[in-house]
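Going by UniProt numbering, the first residue of the sequence shown is number 1, and it counts up by one from there.
Have a look at the structure below, then the notes.
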Amino acid sequence: MAVDLAENLAPTHAQNAQDAAALRRVFESITAESCPQFYNFHMHTLCSDGRLTPEALIQQAVELGLQGLAITDHHSVSGYRQAQQWLDAQPSVPAPQLWTGTEISAALLEDEVHILAYAFDPDHAALQPYLQSETATGDLYAAAQVIQTIHQAGGLAILAHPARYKRSVEQLIPAAAALGIDGIETYYAYGGNPSPWRPSPQETERVGALGRQHALLGSCGTDTHGLSLLQRI
């Protein structure tokens, strides 16, 4: 029985590792021009606090010609699953790469931050306490535990919008790096809802410099909660 189980799990683990490696390569190439026309790694659906259905989101991604994306509903992978089901039912549609994603609340330096998880096994047992549509409590709420669990599930951990918290980026990014986080959301629009969407220059420079200093990957995303993947709200 144990041998059969290992054989059944092996393809899943292998695919998961390939997905994570592919996403790492994308993050290594991300620039200020990557989002939202080519990649978008921060979007929400009705499965958390967004306004788009997962099916509408992935259809819009296809229409925009996105090369890759992740749906990052808070503490849920339901949006990802529904979007992937839609893609699977449309074999003739030129589909972008859809990675698993979720956004997890966590405590870092006595501040609540959001950690984006990507390219993980959504069925991994260790991750399930974080996928119950609500913030975990106790030891599970610690950023160190969140990052460790994402890694256990084969994924990448990214600190979302580092310049939106009470603590400064100069405090949070080194602390997150010390805990083993893989990267930071380097390109993000702060302080409004610009149209067209564009990352905030001053914050991008600060965050990007710290990311390079700590050898972190850089991500980008619109943090869409509204009806257009080209804007935040």
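Don't be surprised by glycine CBs; every beta carbon is placed ideally from N, CA and C.
Only a predicted model underlies this, so the values are computations on that prediction, with no experimental measurement involved.
Between which two residues does the beta strand (DSSP E) containing residue i stretch?
i	result
residue 66	Here residue 66 belongs to no beta strand (DSSP E), and DSSP marks it neither H nor E.
residue 106	101-108
residue 113	111-118
residue 183	183-187
residue 46	Unbroken run through residue 46: none, as it is neither H nor E.
residue 218	217-220
Which value, in whole angstroms, describes the spacing of the CA atoms of residue i and residue j?
i	j	result
residue 170	residue 210	7 Å
residue 20	residue 41	14 Å
residue 103	residue 142	14 Å
residue 37	residue 53	20 Å
residue 201	residue 213	18 Å
residue 122	residue 149	12 Å
residue 215	residue 158	13 Å
residue 70	residue 156	12 Å
residue 163	residue 174	13 Å
residue 34	residue 184	15 Å
residue 129	residue 32	34 Å
residue 118	residue 181	12 Å
residue 145	residue 139	7 Å
residue 74	residue 152	19 Å
residue 126	residue 160	21 Å
residue 113	residue 18	28 Å
residue 205	residue 97	28 Å
residue 16	residue 26	15 Å
residue 217	residue 199	16 Å
residue 232	residue 191	11 Å
residue 82	residue 65	19 Å
residue 166	residue 203	15 Å
residue 79	residue 47	6 Å
Can you tell me where the alpha helix (DSSP H) with residue i in it begins and where it stops?
i	result
residue 80	78-88
residue 173	169-178
residue 204	201-213
Please classify residue i: does DSSP put it in a helix, a strand, or coil?
i	result
residue 142	strand
residue 4	Only weak support is given to the placement of residue 4: the predicted model assigns it a pLDDT of 42, under 50, and the value that follows is read from those uncertain coordinates. Reduced to three states, the DSSP call for residue 4 is helix.
residue 9	Its pLDDT being 48, under 50, residue 9 is placed unreliably in this model, and the coordinates cannot settle the point.
residue 151	helix
residue 52	strand
residue 232	coil
residue 247	Outside the shown range of the chain (1 to 233) lies residue 247, about which nothing can therefore be said.
residue 134	coil
residue 32	coil
residue 24	helix
residue 198	coil
residue 129	helix
DSSP beta-bridge partners for residue i?
i	result
residue 97	68
residue 40	69
residue 158	116, 183
residue 74	103
residue 224	43
My guess is that residue i and residue j are in contact by the Cβ rule of under 8 Å, so how many angstroms apart are they, rounded?
i	j	result
residue 76	residue 23	The pair is not a contact, with the Cβ atoms about 19 Å apart (cut-off 8 Å).
residue 68	residue 120	Residue 68 to residue 120, Cβ: 16 Å. No contact.
residue 230	residue 197	6 Å
residue 208	residue 222	In fact, because the Cβ distance is near 18 Å, the residues do not count as touching under 8 Å.
residue 86	residue 110	With a Cβ gap of about 41 Å, residue 86 and residue 110 do not count as contacting.
residue 45	residue 57	5 Å
residue 106	residue 115	5 Å
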